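In what follows, a single structure is set out as structure tokens and then discussed.
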Amino acid sequence: LVNDILDAASSRRSRLVMKVQRCEVGELAASVFDVIRPLAKKGVKLRNKISNMPVIEGDPDRLTQVLMNLCSNSLKVTSKGHISIDAALPDPAGPLLVSVSDTGVHPRP
């Protein structure tokens, strides 16, 4: 959490540096689930739906941070069912599309 706050402060001052390198999105998702697994309520399945994803160029630390934040939000509202991470790369030259979904009950805005 402290690092997230420091990163947010740095980005506001335009000093957040992206460390672009080759990364395996499926492996990043698996590592996020390894961290949050002990925090998941009994009966909540963690589903890494990423398969056959090519290696991408990106910042693995930032992608992990985003996945961790989204999964942490899902953990708060999911008492049964599942939390899933999926990704797609419809255009190899385009952006990576990543989604975190869950069966939790979310508060209304």
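Quick note, the numbering used here runs 1379 ahead of the 1-based positions in the sequence shown. We put the CB at the ideal spot given by N, CA and C, even for glycine. Remember, it's a predicted structure, so these values are computed and weren't measured experimentally.
Taking C-beta to C-beta, are residue i and residue j nearer than 7 Å?
i	j	result
L1446	V1411	yes
V1492	A1466	Because the chain spans 1380 through 1488 in this model, residue 1492 falls outside it and cannot be assessed.
N1427	A1409	yes
P1439	L1407	yes
Which residues does DSSP pair with residue i in a beta bridge?
i	result
N1427	I1464
G1437	Q1400
L1446	In DSSP, L1446 forms no bridge with anything.
S1480	S1463
What distance in whole Å lies between the Cβ atoms of residue j and residue i, which are believed to be in contact at a cut-off of 8 Å?
i	j	result
T1482	H1461	6 Å
Report the option in the options whose CA atom is closest to the CA atom of residue i.
i	options	result
K1455	R1416, V1404 and A1409	R1416
S1451	G1437, V1479, E1406 and M1397	V1479
Ordered list of beta strand (DSSP E) runs contained in the stretch 1391-1415, each at least 3 residues: 1400-1402
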